[in-house]
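Chemist: Take this structure first; my questions come after.
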Amino acid sequence: MMPNASVPRESLLDVEGLSILIKDKRGDVRAVEDVSFSVAAGETLALVGESGAGKSLTALALMRLLPKTLAVEAKRITLAGKDLTSPSELDIRKVRGSIMAMIFQDPLSALNPVLTVERQLVEAIRLHETISRSDARARALELLDMVRIPAASARLGEYPHRLSGGMRQRVMIAMALAGRPRLILADEPTTALDVTISGQILDLLKELQRDLGLGMLFITHDLHVVRSVAHRVAVMYSGRVVESGTVADVFERPRHPYTEGLIQARPHGSFVTDGHRLREIAGTVPVPSARPPGCAFEPRCGRAEADCRQIVPPLVLEPGTARSLACFHPLQQEQYA
Amino acid sequence: MLRRVLLSPAGFVGLFLLLMIIGMALSAGYFFPKGPWALVARPYMWPGQRPGLPFGTDSLGRNILAAIFYGARVSLIVGLVATVCALVVGITVGSLAGYFGRGVDAVLMRITDAFQTIPGFLFAIVLVSILSPSVTNIVIAIAVVSWPPVARLTRAEVLRVRETEYVQSCKIIGMSTPRIILTQVLPNSLSPVIVVAAVLVATAIITEAGLSFLGLGDPNVMSWGTLINVGRPSIRSTWFICVLPGLFVVMTVLALNLLGDAINDALNPHFRKR
Amino acid sequence: MSPRLQIDAMVVEHRTKRGVVHAVAGVSLELEAGETLGLVGESGCGKSSLARAIVGLNTPKSGAIRIDGRATDPGRRGAQARAIQMVFQDPYGSLNPRMSVRELVEEPLSVHRLGNRAERAARAKALLERVGISAAMQDRLPHQLSGGQRQRVGIARAMALEPKIVICDEPVSALDVSVQAQVLNLLLDLQKEQELTFLFISHDLEVVRYVSHRIAVMYLGVIVEIGPAEGVWSLPLHPYTRALMQTAGDAERVAATGPMVTLASELPNPLHPPSGCRFRTRCPLAIEVCARDVPALEDFGDGHRVACHRAREWAGIAAPAHA
C-alpha cells in the first residue's frame, strides 16, 4: 500500500534555508524558519504538521503567492535546474503552471463560479500553449479523461457548483495538469472530502504520478493520508522541520518526541474494552511571535533538558541514513527492536 | 472601539467636527441670549465689517453667526430624531422578517418594498404641504422614507446570524425566542446598521435644509436652510448669507460620513491593519 | 427499565424547490444510560438532520423521541433542555463572539433561573475549571482562545444543565490531532463521572471505534448496520461499512473478512433514492433482489444487525460461530 521509497530518482525541487517573515513595525516575526527539503521526480514528499506549523505558507512561498506583508528569504531554491532563489515576477510566472502547479483544499473557492468547466480548462491550457480554441477543447477532454471524470464532454458545459466535491477536485487537478507541470504542490487536497471520495482522489494522484513521472509536495495533517500517498515525509512544528525521512522509517521508528506524540495521539483500539486513555501532548503550539528561545517544542516535551531551552536544535542528517532530525535528546534507535 | 475610531484620521476629524457642531447647538443660548431672530445691526453687513459680527448680517439685519448656532440645534434634532425613528422601525421590521422567515418575511418585505419606492424628498414636500410645515412633520416625513434600507440591512444580517451555531446552541439550552433575538441576534447584527445610521443623520440634515430652503420648513425655527433661503435673492452680491450656512451643512455631513467610515473600519476586524 | 434515549421510526423531511428530501427516512435507535453510540456516515447520510431532530432544532415529520420512557414534546423546549444537550463541531461558530467565556457558561443557568447570580457565577467558574479553563482565562472572549480551548468552553456550556444525554456532533473534527486527544479524554472522563449517554457523530472511524460501545452506520437516511463497536470494526458486514473501513482503516483487515468493496460512482440524488436497497447503485455486490426489496435490519447475533440481502454470504467467514 505504501509507495516504495528506495528507488533513487533525479532531484526536481531543492529548497535550502527557506524562511518566511511577517513584516511588522515592531519587529519581523518568523512564521517559517530555515526549512530545507527536496522532492525528486516521481516521488511524493509529505509535509506534515498541525495548524501553525507553516506548511501551507511554505507551499505558497514556493509559488510566490504570499501577500506583500510576508517576505520570503532562502539560501537556495532550485526547480528543474532553474535557480528560483530570488525570482523576478517574469521568472516565477514562467514557472507557475508550466513546471510547478498547485491544487488547493477547497475546490469550490478555487474554481471560478461564473465560468463553465470548459472555459476554465481552455483558459488554463491556452495560457501555456499557443493552440486554437478547438484544439484546446480537445485537450481539455483529454485532461478530464486523465482525471477519470465520466461523461467528460457533458461535464465541460457545467458550472462548478453543479459538480460534487470529488468532481470539482478532479477538475482542479485537470487544470493543474494543463500546463504539463513536473511538480505538483498539493495543499490538503482531500481534507474537505468524504473519506470514500478522498480515497479515490488519492488513488488518482498516485496513478498520475506513476504515469507522468510527477514530483509531489503533499501537505496534510492526516497521518493516514501520508502513509497512503507519500514516499518521504517531513514533520513540521512551529515553523521548522523537526524530522524527515522515509515514511516507513519515520512512522515506525519516530525519533523526535513531537513525531512520536503525533502518532501516539491518534485513537487506536477501544476505550470501552480496555479503558486506556489517549496520550495527550500537553500545552499548545506557541504563537510565532512568542516562541521560546530554544527548541519550540521544549515546553511540551517530556525529554527536554537545559540545552533544549537555550539553543534551537539544528536539522541534522543522520550519517548513513536518509533521516534528518532536529533534536538534542531524541528517542533512541535501540528502543525499537 | 472608541479608541480605534479616534486613532484613525477620518474618525478623529469626524468626531472633532461633530463635537464642535454639537457644542454650537448647546451653547447657542449662552452666546446669543437674544435668539436668532433679533435685529442687531443694519442689513447686508459683510463678515468682519463690525467687531462682534464675524459672519455679518442677513437681509433683515440678523446676526448670521447666531442664526448658524441656533440652526445647528434644528439640524441635529431633526437628524437625530428622524434617524432614531427610522432605526426603531427598520430594525424591528428587519429582524422580525429575518428571524421568522417565510410568511412573516414575505409580508414585511413587500411592505418595505412599497415604502422604498417613495422618493424621499418629494414625499417630504408632499407631506409638509398637506399637513402643516413643522419640525415634527418634517421628522415624520424623513423617518417614513428612511427606514426601508435599515430594514433590509438588518434582515440580511439577521438571516446570517440566525444560522450560526451559537444561536442554535441557545435554542437547545431552551432560551425563549424574544430573548434569543434581543441578546444573541441583534447585538451581532447591528454593526452595519450603526454605520448606516451615521449616513441617515446626514441625509436627514440635508433633507431638512432643502425643505427650509424651499420655504417649506418650519417658519418658527431658524434653520440653516432658512438662512440659505433668506440669502437667495441677493446671492450675487451678498453671497456669504448663502455660503456660510451652506458650509456648515457640508461640514456636518462630512463629519458624519467620516465618522461612519471610521466606525465601519473599527467594527470590522478584517480591514484593519494589525 | 426504559432505555435512556429511544428513537422510534423517525422521519425528517427537507422541503426544497425541487421536491421533498427524506434526510432521515425511518431510523430507530435505543441508547442505554452511560452508553456511547457512535454514528458514522458521510455527507448526505442524514446524521446531522437526525441529531438536530433529537435535540429539538428540527421537527421530525413522524417518529417519537422518548427519554427514560417518556415522550418528549417538541413544543416544550425548556424541559428537554435539561435532559439533552449538544456539543458542536465548529469551535469558532458555536460561541457568541461578544460574550465572555464565563457568561457563555452562565447563560444556560440563567435561562432556567437556577440559583441566584452569585451561585451561577460560582457554578460556571467550577465547570470551566473542570474542563481545564483556568480562572484567569474566564473573562476572555472566544476569539482570544485556541480551538481546543473553545471546544472545552462548548463542553462546559453543554454540561451546565447537567443533561443525561449529550449529542456530540463531530466534536473533534475541527481540531488538531494533539488537541483531539485532550478533548476526547475530557469527554470520556465526564461521561464516567456523570453516567452520561453519548450519541457520538463522526466521520473518523478510528475515533468512533475508540469511544463507542456500539456503532451505527448511516447511508442516505437509513441505518445500514448497527452493533457492538468491536464487532462492527472487526467484522463489517454491510458493503458500505466495508468500503468505509477499507479506505479509512486497514484494507488488509477488511480483505480477510470478506469481499473488498470499491465505490465507483457518487451519491444518488436524494430526491429520488434508488428503489429497494438505497445503496445498490454504488454497490459492486448488488444483485437483482436488491432493486426490488428494501433490506430490513437482520440480527446476526450479539446485537449486530445489518440491512443487506447478501450479508449472510460472508458473515460466516471470519467467525463461523456467528448465527
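Residue numbers (my numbering), protein chains in the order written: chain F, 1 to 337; chain H, 338 to 611; chain Y, 612 to 934.
Cβ coordinates follow ideal geometry from the N, Cα and C atoms, glycine included.
1. For M612/Y, count neighbouring Cβ atoms within 10 angstroms of its own Cβ and tell me buried if that reaches 16, exposed if not.
2. Apart from the five residues on each side of it in sequence, which residues of its chain come closer than 7 angstroms, Cβ to Cβ, to L356/H?
3. Say yes only if the C-beta of F699/Y is nearer than 7 angstroms to one or more non-hydrogen atoms of the ligand SAH, and no if none qualify.
4. From the DSSP secondary-structure annotation, give me the bridge partner or partners of Y237/F.
5. Using a Cβ-Cβ distance cut-off of 8 angstroms, determine whether K610/H contacts chain Y.
6. Taking all protein chains shown into account, do 16 or more other C-beta atoms lie within 10 angstroms of the C-beta of A897/Y, making it buried, or fewer, making it exposed?
7. Can you name, in chain order, every residue of its own chain whose Cβ lies under 6 angstroms from the Cβ of C919/Y, other than the five neighbours on each side?
8. So what does DSSP say about T78/F, is it helix, strand or coil?
9. According to the neighbour-count rule (16 or more other Cβ atoms, all chains shown, within 10 Å of its Cβ), is K55/F buried or exposed?
10. What does DSSP give as the partner residues of T246/F in its beta bridges?
11. Under 8 angstroms, Cβ to Cβ, is there at least one residue of chain Y near G269/F?
12. So, under 8 angstroms CB-CB, W844/Y and R820/Y are touching, yes? Tell me the CB distance rounded to an integer number of Å.
13. Return the chain-ordered list of same chain residues with a C-beta closer than 7 angstroms to the C-beta of L706/Y, the five sequence neighbours on each side being excluded.
14. Between V241/F and the rest of its own chain, which residues show a CB-CB distance below 8 angstroms, the 5 nearest in sequence each way excluded?
15. The beta strand (DSSP E) spanning D307/F covers which residue range?
16. For the stretch 864-890 of chain Y, which residues have a beta carbon sitting closer than 7 angstroms to at least one beta carbon of chain F?
17. So, for E545/H: in the same chain, excluding its five sequence neighbours on each side, which residues have a beta-carbon less than 6 angstroms away from its beta-carbon?
18. Could you tell me the boundaries of the alpha helix (DSSP H) in which S364/H lies?
19. Considering only residues of the same chain and omitting the five flanking positions on each side of L376/H, which have a CB-CB separation below 8 angstroms?
20. Look at the alpha carbon of R162/F and the alpha carbon of L45/F, and state the distance between them as a whole number of angstroms.
21. Taking just the CA atoms, how far does S86/F sit from I20/F?
22. Does any C-beta atom of chain Y lie closer than 8 angstroms to the C-beta of I531/H?
23. Mind reading off the beta-carbon distance from A423/H to A480/H? Whole number of angstroms is fine, and I expect it under 8 angstroms.
24. Is the Cβ of G580/Y closer than 8 angstroms to any Cβ of chain F?
25. Relative to the C-alpha of H723/Y, which residue among I510/H, A443/H, V425/H, R489/H is closest?
26. Counting contacts by CB-CB distance shorter than 8 angstroms, is R227/F in contact with chain Y?
27. Can you find a C-beta in chain H that's less than 8 angstroms from the C-beta of E718/Y?
28. Only counting runs of 4 or more residues, tell me where the alpha helix (DSSP H) segments fall wholly within the stretch 398-457 of chain H, in order along the chain.
29. With 7 angstroms as the C-beta to C-beta threshold (strictly closer), list the residues of the stretch 487-513 of chain H near chain Y in chain order.
30. Identify the continuous alpha helix (DSSP H) that holds V716/Y and give its terminal residues.
31. Can you tell me whether M167/F is buried or exposed? The criterion is at least 16 other CB atoms within 10 Å of its CB, across all chains shown.
32. Can you list the residues of chain Y that A124/F reaches, using a CB-CB cut of under 8 angstroms?
33. For a quick check, are the C-beta atoms of A178/F and I125/F less than 8 angstroms apart?
34. Does the stretch 280-296 of chain F come close enough to the stretch 209-224 of chain F to have 3 or more Cβ pairs within less than 8 angstroms?
35. Return the bridge partner residues of A827/Y from the DSSP annotation.
36. Roughly how many angstroms lie between the CA atoms of A31/F and L156/F, to the nearest whole one?
Modeler: Per the coordinate set shown:
1. exposed
2. none
3. The ligand SAH is absent from the structure shown, which contains no ligand whatsoever.
4. R240/F
5. Low per-residue confidence applies at K610/H: pLDDT is 38, beneath 50, and the placement is therefore not dependable, though the value from the model is reported in the following sentence. No, no contact with chain Y.
6. buried
7. H849, P906
8. strand
9. buried
10. R232/F
11. yes
12. 5 angstroms
13. L715, P753, R761, V764, G765
14. V35, S36, F37, A234, V235, L315, S324, A326
15. That residue, D307/F, is in no beta strand (DSSP E); its alpha helix (DSSP H) goes 306-310.
16. L874, E877
17. V415, I475
18. 346-368
19. L397, G398, R399
20. 33 angstroms
21. 13 angstroms
22. no
23. 5 angstroms
24. Past the edges of chain Y, shown from 612 to 934, lies residue 580/Y, and the structure says nothing about it.
25. I510/H
26. no
27. yes
28. 401-437, 439-453
29. T501, E502, Y503, Q505, S506, K508, I509, I510, G511, M512
30. 712-722
31. buried
32. Within chain Y, no residue comes near A124/F; the closest Cβ sits about 24 angstroms away, beyond 8 angstroms.
33. yes
34. no
35. L650/Y, I837/Y
36. 41 angstroms
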